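Each residue of the sequence shown is one higher than the last, beginning at -8 in the numbering used here.
Virtual Cβ for every residue (Gly too), placed ideally from N, Cα, C.
These numbers were taken from a predicted model, which means no experiment stands behind them.
Below: the structure, in structure tokens.
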Amino acid sequence: MKKSLLVIAALLALGTAQADTLKKIKDAGAVTMGVRESSGALSYTLGDNKFVGYHVELCERVIADLEKSLGTKLAIKYQPVTSQNRIPLVENGTVDIECGSTTNNAARQKQVAFAVTTFVEEVRIAVKANSGITSIAQLNGKSVATTTGTTSVQLLRKNERATGVDFKEVFGKDHADSFLLLDSGRADAFVMDGAILAGNIAKAKNPADFRIVGEVLSVEPIAIMMRKDDPAFKTAVDNSLKAMMKSGDIAKVWDKWFMQPIPPTNSKVGMPVNDNTKTAWAAPNDKPAEDYAKK
-8 MKKSLLVIAA LLALGTAQAD TLKKIKDAGA VTMGVRESSG ALSYTLGDNK
42 FVGYHVELCE RVIADLEKSL GTKLAIKYQP VTSQNRIPLV ENGTVDIECG
92 STTNNAARQK QVAFAVTTFV EEVRIAVKAN SGITSIAQLN GKSVATTTGT
142 TSVQLLRKNE RATGVDFKEV FGKDHADSFL LLDSGRADAF VMDGAILAGN
192 IAKAKNPADF RIVGEVLSVE PIAIMMRKDD PAFKTAVDNS LKAMMKSGDI
242 AKVWDKWFMQ PIPPTNSKVG MPVNDNTKTA WAAPNDKPAE DYAKK
């Protein structure tokens, strides 16, 4: 009997712990969206609490669908997050839906949930165009910038072509800061997701001064992030994204942010959708990065 009561208590505790984001946002009449200030064309700021980009627009469309299903108007509160605090802020409920540039991997899936993959990224290296650097081997003795809280330099160190390559790590507090390290000459290279590199180069004073070079270090699924243990909210978000994939609307949103002039400088990122991303749209899934590494 005592054992049965303990089991019931455990189940009740589990039920209490399960998030109910749909009820939370309906009661509040608002959704808190985690956004990045300098994640290339995925998510960035125009200042004055104005955030735009591919993932920002996808989330805004998801929220419009949530309004219809919940039958209530939802205000959007934009909450800037960083690589370091994005997961804790989702876990503790400060952020309802994170719409930045987060890689879905097995370790993170133990802490948070991910929507179906909306972009499959390739981690690359950005350098000054006149640096002469074209490969990982040429980073020997150089300074390499990366953003605190990301996994890019670890990927570089693990790459088989980096064997015997000795470089110094320098850290930027966000992607714009990391790019500034490269721009100012304090770093010889910046290792990061290709879309973030391309977006920061497009917004540079002289984009032609920079180049994305070298081998692809990793192929990673990038996805919208939510709290764990909330299947109803994940299903609602997934269904909205799947509808955009099926209709072709997601391809139009991609074209808008990666192939057309974007604010504030009206420059083009010029990054066509890659085959891995097209495959993810055709067969929606929330597989972690480890599944891509097996291929």
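Beta-carbon gap between residue i and residue j smaller than 7 Å
i	j	result
I203	R115	yes
N131	V156	yes
V47	S34	yes
V244	A32	no
F105	D220	no
W248	Y69	no
A186	S134	no
E211	T94	yes
L146	L188	no
L173	V161	no
M24	I78	no
Spatially closest choice to residue i from the options, by CA coordinates
i	options	result
K15	I88, E160, S30, L37	I88
C90	G20, F42, K285	F42
M235	R52, G20, E82	R52
I170	S30, M24, T12, G20	In the sequence as displayed, the identity of residue 170 is Phe instead of Ile. That would be S30, whose Cα lies nearest to the Cα of F170.
D200	K17, R77, E113, K119	K119
T137	N150, N96, V103, A180	A180
E206	T109, A117, A98	A117
L49	A19, M216, P198, K164	M216
Residue i (DSSP reduced to helix, strand or coil)
i	result
A271	helix
T138	strand
D184	strand
M235	helix
V207	strand
P255	coil
I192	helix
A104	strand
I215	coil
V111	strand
A242	helix
K247	helix
L5	Because the pLDDT at L5 is just 41, under 50, the model does not fix this residue reliably, and the point stays unresolved.
Cβ-based burial, residue i [other Cβ within 10 Å; buried from 16]
i	result
L232	buried
M(-8)	Only weak support exists for where M(-8) lies, its pLDDT of 46 falling under 50; the value from the coordinates is given anyway. Looking at its Cβ environment, which holds fewer than 16 other Cβ atoms inside 10 Å, M(-8) is exposed.
K(-6)	Caution applies to K(-6), whose pLDDT of 46 falls short of 50 and renders its modelled position unreliable; the value that the coordinates give is listed next. Answer is exposed; the Cβ neighbour count stays below 16.
V26	buried
T125	exposed
S143	buried
V313	Nothing in the structure corresponds to residue 313, since the chain is present only between -8 and 286.
A271	buried
T256	exposed
L(-4)	Residue placement at L(-4) is flagged as unreliable, the pLDDT there being 46, under the threshold of 50; a coordinate-derived value is accordingly withheld.
N121	exposed
S92	buried
Worksheet item: Can you list the alpha helix (DSSP H) stretches of 4 or more residues lying completely in the segment 70 to 98, in chain order?
Response: Within the segment 70 to 98, the complete alpha helix (DSSP H) segments of 4 residues or longer fall at 77 to 82, listed in chain order.
Worksheet item: Considering only residues of the segment 9 to 44, which uninterrupted alpha helix (DSSP H) runs meet the minimum length of 4 residues and lie entirely inside it, listed in chain order?
Response: Every alpha helix (DSSP H) stretch that sits fully inside the segment 9 to 44 and reaches 4 residues is listed by chain position as 12 to 19.
Worksheet entry | Complete runs of the beta strand (DSSP E) confined to the segment 117 to 176 [at least 3 residues] | Counting only runs of 3 or more, we get 134 to 138, 159 to 163.
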